[in-house]
Structures are given as C-alpha cells and as structure tokens.
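Undergrad:
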Ligand code: GLN
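Numbering (the UniProt record's numbering), first residue to last: 1 to 537.
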C-alpha cells in the first residue's frame, strides 16, 4: 500500500485537484488500482449547505454524499469508485472526536488536536485505503500551505509518512511560479517560501509540480531544486493548458511525473497507455462542427458553479466531433432584458439545477423561448421544474402555477415538496440524494437517447413534479418519459410537438465521462446540431 499526499502552495485555484486526478489517470493506466481522497480543512460537515459562490459546484456521488467538486475531477479522470469516505472535512473529524469524547472513549484524557484529531485524520485516510482495496491512495489536502486550519492535516500526513516508511509515502507539492512581466522572468521565491513552511512542519516534498504560464528554464529548475531541496527531476512543469484540462495527464506524462513517482515508490510498472485519451483531446482541439449552447443560471459569474455541466457538454461535444461554445446567461438578466436579447442565436438552451427564487422567472422565460422557437432544451433538476411551471402557465392556462419552494401560497403547486421531506427540519444532507433507478418509457425521446429500459441516475432535490397535475398536463402535450421504479415519482418529462425538449429530475452531468458521455447530453447536442443546420442553411 502506497500513499501520495498532494499539498498546495502559494495561492489557491492552481488546479491541485486536476493535478491529483491527472496523476491518477497516469498511475491507473500503468495497471495499478488507485483511489483518490480529498481532505477539506473547513468546518462544514460537507459542502452541501454552501453557496456555489463560496465553493463552486456540489458534486454528488452514487451513495448520495455531497462532496467537493474535486471529486468530480477524480471520477472523470479515472475509473475509481468514490464514496462518502473519499471526502473528509474538519467538520466531520471534530464531529467524530466530540462524539467519542461524550461517549467517554478517551478514558478521562484531555482531548487534543495532537494526537486525537490527527489520529482521526489518519483513521480516515486508512479507511479509504482499506475499503477501496487500492494499491496507491492519492490524498489531496485542500487549502494552501500556511493556512491555520490546514495544520492538523499536514501534521497527520507527516506522521503517516513516518509510520509507513519512505518507500511507501510521497509528498507532491503543487505550487505557483509566477512570471513577472516587468522583470521578464519567472520567480521562484513564493515556492521557496511555501516549501520552507512545509519543512517547518516536518514535510520535505519529493516533487514540485510548478504551475506557470511560462515554460520553466533550466536555470529556474535548478534554482527550485537547490533552494527547495528537491531533485532536479522532481521539478515538474505544469503549464496553463491551451485548450482543455484533459491535456494535463499528457503534459505530466511528458514531464515524466508518473515515472518519477514509480521510481520513488519502488514500483516497477509498464508505461501508461494514453492512446484513447489523446484521441479524445484531439477531438476537443479539432472539432468538425460548432455549436452555441446557452446555459441559463444564477451562478453564471462563478467559473466552477456548473463545472460538471460544462464538462458533460465537452464530453458529448467531443463524441459528436463538435466544439461547444457555452454562452453563460444570467437568468436575472433575462428578467431585465427579455429572452430574445440574450438567447437568440443559441443552438440549444440548458437550464441547470438550483435553489432559491432569485432568477426563477428568467429561467421560466428561457424554457418558454425554447418551447416557442423549437430550440432544443435540456432542463436539469430545477431546469425541469421551471419547464413544467412554464408549460402549466402558458400552455395549460394555470396562470399562477408555481413551485411551492418559491410560492408557498400558490393555488397551483405543480412542483411540490417530496412526501418524505415534509417532516424534516435540518438542511444538511437531508435532500433526496444519490443514485436510484429510473424507468424509461418507450416511444419517447429519452428512451431513444438511452436505447435501454432503465438507467441509474444521481439526485439532489427536495421538490418534485406534483402528480395531481399529471393527466391535465398530459392532455396538453407534456409527456412523462421516465419515472422511479415504482412509477410514483416523475423523473423525466418531454414535450410533444417539439423537436427535442427534455427535462430530468436527476443530474446526468455527474455521470458523464470523457470517453463515455451521458446519453441525454449526446441527444441534446445532436438535436442542437440539427437545429443549427436548419437555421444556418
Ligand atoms: N430546488 C429544487 C429542489 O430542491 C431543485 C434542486 C436542484 O436543482 N438540484 O427540488
């Protein structure tokens, strides 16, 4: 059992998660079983209660765990099966330690950060190693070296490395090497200081992955090696990608990161075969077609808020050899300026999931615009709910139709609270979460997209289509194309008399992979290509 610990230096947002995931790609393709884990130093028990502006997307796993978006990268870059064990926060660690203290498990001792908190961190690392049966566990520590809240995690991994021995643990430090334009040179000092901070704690990194927008010169490499006490081959360059994050494994392979990791960990493994990966990247870089897809959301300004959706569009686009230009449209702006101004020229319209009433009317307008102009529409979770509200109001004539999430007094709650949610009072981890079976109904666009009778899909919601309105809406041309196994909850809807208008209550974006795009995204883009062909001819 080998452990790789990935830390971050200098600044956040360096793409540490992508680096960890890309290292995972390379090692997995050398034939070892790997797993990946993220340790987040914040006090929230999980990111489920955090605003996407704070934290970016909440990524949902099959078992329903609401996790950090880096777990999305891990699942997309590798074949690992992740569970709630793979994302641990300080909140979870303290929750356990305090519970154990209340149960008297510490036998009268003073409960302290060292050893009790650090032991619990080590337990969490070991639990993933054991339960996943992996040969190599890559553990990423969230935050940046120097953060106060990260200290117990760094202390825990220092202890672990000592316990498992030098051939079994490796420290990879992802750092930033800025190019200073005025001086015309790359600067190594921030990295030197970040490594000095690590060494103060007792961690000597073996590898520096240097994020930079300029290639590292031999001189810079030598300087980093000397001042940071890292071998020259341990200085790895990771430049800003030209086109796509999926270039990162290729870049790191060229820099021989995986070969070095194998050398340090005394692993004799064959080279990683990246043929299919290269072909996938090639398709992203040289598409034969183009598409403009509008994503209408309320967190459009935040790069990471709809991460998995953007990735799923890239995967499906590559599959169809088509470059997807995402037009990020702020739902509130539609309310001010009208749908036509912001959505005209789009080949497809996608409305993602969300919570809270801000921007809702803009999303409803977007669904209306797609319906009336016969533009392909994909509504995800809230995007399905807003499409149903729009249809009820403007086609069926229930002018005050709404979701009881936004208008508790509406006389037509076409979207209402799930039965099991009615008795719940706490917000954390209490939605309908995780994977469950969706029955696909024949003679529907959804069925055609999947080409099979069932699909397992991940959920994260409290509200649902109110089935009391089912037969009325069906009379006007709304089709139910997927339900839960017992047929009770509506999972997929579509519109008759429209080329492709589909809404799903689940989140297909979490299951899309580079070389296995999600069928709904593929069908949506196919329909968008058709639409573009028609409108551009
Ligand atoms: N707010 C809606 C609900 O709770 C939709 C959730 C979502 O889009 N993830 O049902």
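C-beta: ideal position from N, C-alpha, C; glycine also. Just so it is clear, the structure is predicted and the values come from calculations on it, not from any experiment.
On the premise that residue 60 lies in contact with residue 434, defined as a C-beta separation below 8 Å, what is that separation, rounded to the nearest angstrom?
TA: Here residue 434 refers to the residue found at position 434 of the chain shown. Here residue 60 refers to the residue found at position 60 of the chain shown. About 7 Å separates the two Cβ atoms, so the contact holds.
Undergrad: Where does residue 358 fall in DSSP's three states?
TA: Here residue 358 refers to the residue found at position 358 when the chain shown is read from its first residue. Secondary structure of residue 358 (DSSP, three-state): coil.
Undergrad: Going by DSSP, what residues sit across from residue 171 in a beta bridge?
TA: Residue numbering aside, residue 171 sits at position 171 when the chain shown is read from its first letter. Beta-bridge pairing links residue 171 to 5.
Undergrad: Would residue 382 be called buried (16 or more neighbouring beta carbons within 10 Å of its own) or exposed?
TA: On the chain shown, residue 382 is found 382 positions in, with the first residue counted as 1. Per the 10 Å Cβ criterion, buried.
Undergrad: State buried or exposed for residue 427, treating a residue as buried only when at least 16 other CB atoms are found within 10 Å of its CB.
TA: One-based indexing of the chain shown puts residue 427 at position 427. With fewer than 16 other Cβ atoms within 10 Å, it is exposed.
Undergrad: What's the call for residue 535, buried or exposed, on a 16-neighbour Cβ count within 10 Å?
TA: One-based indexing of the chain shown puts residue 535 at position 535. Result: exposed.
Undergrad: Closest Cβ-Cβ distance between residue 339 and chain D: below 8 Å?
TA: Judged by its chain identifiers, the structure shown contains no chain D, having just a single protein chain.
Undergrad: Grab the span of the beta strand (DSSP E) containing residue 493 for me, first residue to last.
TA: The sequence position of residue 493 within the chain shown is 493, counting from 1. Unbroken beta strand (DSSP E) run through residue 493: 490-495.
Undergrad: Thinking just about the alpha-carbon of each residue, which of 55, 75, 44, 84 is nearest to the one in residue 63?
TA: For the purposes of this step, residue 63 is identified with residue 63 of the chain shown, where counting begins at 1. Per the Cα distances, 84.
Undergrad: Note down, in chain order, each residue of its chain lying with its Cβ closer than 7 Å to the Cβ of residue 286, except the 5 sequence neighbours on either side.
TA: Stepping through the chain shown from its first residue, residue 286 is reached at position 286. Counting only Cβ-Cβ distances below 7 Å, and skipping sequence neighbours, we find nothing.
Undergrad: Would you report the Cα separation of residue 160 and residue 152, rounded to the nearest angstrom?
TA: Stepping through the chain shown from its first residue, residue 160 is reached at position 160. Stepping through the chain shown from its first residue, residue 152 is reached at position 152. C-alpha of residue 160 to C-alpha of residue 152: approximately 12 Å in a straight line.
Undergrad: Could I get the ranges of all uninterrupted alpha helix (DSSP H) runs contained in the stretch 259-289, with 4 residues as the minimum, in chain order?
TA: 275-285
Undergrad: Beta strand (DSSP E) containing residue 81: first to last residue?
TA: Working through the chain shown from its first residue, we reach residue 81 at position 81. Here residue 81 belongs to no beta strand (DSSP E), and DSSP marks it neither H nor E.
Undergrad: Considering only residues of the stretch 307-354, which uninterrupted alpha helix (DSSP H) runs meet the minimum length of 4 residues and lie entirely inside it, listed in chain order?
TA: 307-319, 331-337, 339-343
Undergrad: Just to confirm the assignment: which complete alpha helix (DSSP H) runs, minimum length 4, are found wholly within the stretch 353-440?
TA: For the stretch 353-440, the full-length alpha helix (DSSP H) segments reaching 4 residues or more read 360-372, 382-391 along the chain.
Undergrad: Indicate whether residue 424 and residue 485 have their beta-carbon atoms separated by less than 8 Å.
TA: For the purposes of this step, residue 424 is taken as residue 424 along the chain shown, with counting starting at 1. For the purposes of this step, residue 485 is taken as residue 485 along the chain shown, with counting starting at 1. The Cβ-Cβ distance between residue 424 and residue 485 does not fall below 8 Å.
Undergrad: Alpha carbon to alpha carbon, what distance is there between residue 379 and residue 395?
TA: The residue you call residue 395 lines up with position 395 of the chain shown. The residue you call residue 379 lines up with position 379 of the chain shown. Each residue's Cα considered, the two are about 18 Å apart.
Undergrad: Tell me whether the beta-carbon of residue 210 lies closer than 8 Å to the beta-carbon of residue 177.
TA: By 1-based counting over the chain shown, the position of residue 210 is 210. By 1-based counting over the chain shown, the position of residue 177 is 177. Contact: yes.
Undergrad: Does the pairing of the stretch 514-524 with the stretch 352-371 give three or more beta-carbon distances under 8 Å?
TA: no
Undergrad: Can you check DSSP and say which residues form a bridge with residue 538?
TA: Here the chain comprises residues numbered 1 to 537, so residue 538 is not present and cannot be evaluated.
Undergrad: Rounded to the nearest angstrom, how far is the Cβ of residue 24 from that of residue 14, given a contact under 8 Å?
TA: For the purposes of this step, residue 24 is taken as residue 24 along the chain shown, with counting starting at 1. For the purposes of this step, residue 14 is taken as residue 14 along the chain shown, with counting starting at 1. Not really, about 17 Å apart at Cβ, beyond 8 Å.
Undergrad: In terms of DSSP beta bridges, what is residue 548 paired with?
TA: With the chain covering only 1 through 537, there is no way to say anything about residue 548.
Undergrad: Cutting at 6 Å between CB atoms, please list the residues of its own chain near residue 55, excluding the five before and the five after it.
TA: By one-based count along the chain shown, residue 55 stands at place 55. Correct list, in chain order: 47.
Undergrad: I need the boundaries of the alpha helix (DSSP H) containing residue 101, first residue and last residue.
TA: Within the chain shown, residue 101 is the residue found at index 101, counting from 1. That run of the alpha helix (DSSP H) goes 90-102.
Undergrad: Taking the straight line between their C-alpha atoms, what separation do you get for residue 322 and residue 533?
TA: The sequence position of residue 322 within the chain shown is 322, counting from 1. The sequence position of residue 533 within the chain shown is 533, counting from 1. So the two alpha carbons sit approximately 13 Å from each other.
Undergrad: Can you have a look at residue 392 and say buried or exposed, based on whether 16 or more other CB atoms are within 10 angstroms of its CB?
TA: By one-based count along the chain shown, residue 392 stands at place 392. By the neighbour-count rule (16 or more Cβ atoms within 10 Å), residue 392 is buried.
Undergrad: Among 494, 513, 405, 440, which has the Cα closest to the Cα of residue 463?
TA: Against the chain shown, residue 463 aligns to sequence position 463. It is 405 whose Cα lies nearest to the Cα of residue 463.
Undergrad: Applying the 10 Å Cβ sphere with the 16-neighbour rule, what's the burial state of residue 105?
TA: Reading the chain shown from its first residue, position 105 is the one you call residue 105. Residue 105 comes out exposed.
Undergrad: May I ask whether a heavy atom of ligand 1 can be found less than 7 Å away from the beta carbon of residue 538?
TA: Because the chain in this structure spans residues 1 to 537, residue 538 falls outside the shown range and cannot be described.
Undergrad: According to DSSP, simplified to helix, strand and coil, what is residue 479?
TA: For the purposes of this step, residue 479 is identified with residue 479 of the chain shown, where counting begins at 1. Strand.
Undergrad: If you compare alpha carbons, which of 449, 512, 388 is closest to residue 503?
TA: Numbered from its first residue, the chain shown carries residue 503 at position 503. Residue 503 has its Cα closest to that of 388, out of 449, 512, 388.
Undergrad: Please classify residue 109 as buried or exposed, where buried requires at least 16 neighbouring CB atoms within 10 angstroms.
TA: Against the chain shown, residue 109 aligns to sequence position 109. Under this definition residue 109 is an exposed residue.
Undergrad: Is the beta carbon of residue 405 within less than 7 Å of some heavy atom of ligand 1?
TA: Here the question's residue 405 lines up with position 405 in the chain shown. For ligand 1, at least one heavy atom lies less than 7 Å from the Cβ of residue 405.
Undergrad: Whether or not the stretch 269-283 and the stretch 475-482 are in contact is what I'm after, with contact meaning three or more pairs of Cβ atoms, one per stretch, closer than 8 Å; do they touch?
TA: no
Undergrad: From this set, 259, 445, 228, which residue's C-alpha is nearest residue 29's C-alpha?
TA: Position 29 of the chain shown holds residue 29. For the residues 259, 445, 228, the minimum Cα distance to residue 29 belongs to 259.
Undergrad: Taking the DSSP output, what are the residues bridged to residue 461?
TA: In the chain shown, residue 461 corresponds to position 461, counting from 1. Bridge partners of residue 461: 432.
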